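For the sequence shown, my numbering gives the first residue as 10, with consecutive numbering after it.
Here's the structure, in structure tokens; my notes come after.
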Amino acid sequence: MTLPPQIIESEDGSHTLISPVFNASYHSTKGAITESKVVFINAGLEYFKSTNDKIAIFEMGFGTGLNAFLSCLWAVENQKELIYHTIEAYPINVELAQKLNYGSLGGNDSLFQCLHTCPWETEQKIVPNFSFNKHQGLIENHETFCTYDVIYFDAFAPDDQPTLWEESMLKKMYNLLNHKGILVSYCAKGSFKRTLKDVGFRIENLPGPPGKREITRAIKGDK
């Protein structure tokens, strides 16, 4: 029997989990909420804030639900319509999610818990301008006709899940994006960025959160 992930407090006071499967943290121990805001909200959603009233997002790795929660709060605050699809191979249970402090820190615990208690494989309106669908399974087996403006590439690190960082997977991500869509990731390894370029992306190196010098934004089209 696999042990459940362990909750620890990161340096900004927000929780993260330690995976017993990969022996790795779900978010930065330097600050879970801080990292998610820098990588996915600031480098991802804010990129389209002035041009798109509707933004379609695909998240690889629902995990704790933190990225989805922050995105929903952003949608409400900025009056943008978000379509948010996410996939998770190893979901945490609802009881563990109830112990995470993201909802209380974000001022809306009922919204955070709704992301975990709502059904899988079903489109849900979490709030009027946030449409949410979570899929359980391996990304390698995931097929969809949907395309997206933003991909949150939030797998465990290349050393922990190497197959998810290979060219075939990054090509799959490229094909999921609309023209001029973006992929954002906390990873800034040279091998990762070279592979992104090989499949057709243009790379931007952006300042990272505490403990990480750079993060990556990859843009599809118009090199």
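Heads up, the beta-carbon is just placed ideally off N, CA and C, and yes, glycines get one too.
All figures in this text were calculated on a predicted structure; none of them were measured in a lab.
Alpha carbon of residue i to alpha carbon of residue j, nearest angstrom
i    : j    : result
I212 : K134 : 33 angstroms
E223 : V48  : 10 angstroms
F141 : K206 : 30 angstroms
K198 : F121 : 32 angstroms
F57  : I64  : 8 angstroms
P218 : P128 : 33 angstroms
Proximity below 7 angstroms, CB of residue i to CB of residue j
i    : j    : result
A33  : V193 : no
A84  : L75  : no
K189 : V208 : no
S119 : L79  : no
I249 : H144 : Within the shown structure, residues of the chain are numbered from 10 to 232, placing residue 249 beyond reach of any answer.
S59  : A41  : no
T156 : N110 : no
W174 : F210 : no
Beta-ladder partner(s) of residue i, from DSSP
i    : result
K229 : F210
Q122 : BP columns for Q122 are empty, so no partner.
N142 : H94
F67  : H94 and I160
E235 : The shown model of the chain, from 10 to 232, leaves out residue 235, and the question about it has no answer.
P216 : E223
Within-7 angstroms CB hit, residue i to chain C
i   : result
L75 : The chain labelled as chain C is not found in the depicted structure, where only one protein chain is given.
Contact belief for residue i with residue j at Cβ below 8 angstroms, rounded distance in angstroms
i   : j    : result
A98 : G146 : 6 angstroms
Checklist entry - Per the contact definition of three or more C-beta pairs closer than 8 angstroms, is the segment 156 to 163 in contact with the segment 64 to 74? => result The answer is yes - the segment 156 to 163 touches the segment 64 to 74, with three or more Cβ pairs under 8 angstroms.
Checklist entry - Touching or not, the segment 144 to 154 and the segment 20 to 31, by the rule of three or more beta carbon pairs under 8 angstroms? => result Segments in contact, no.
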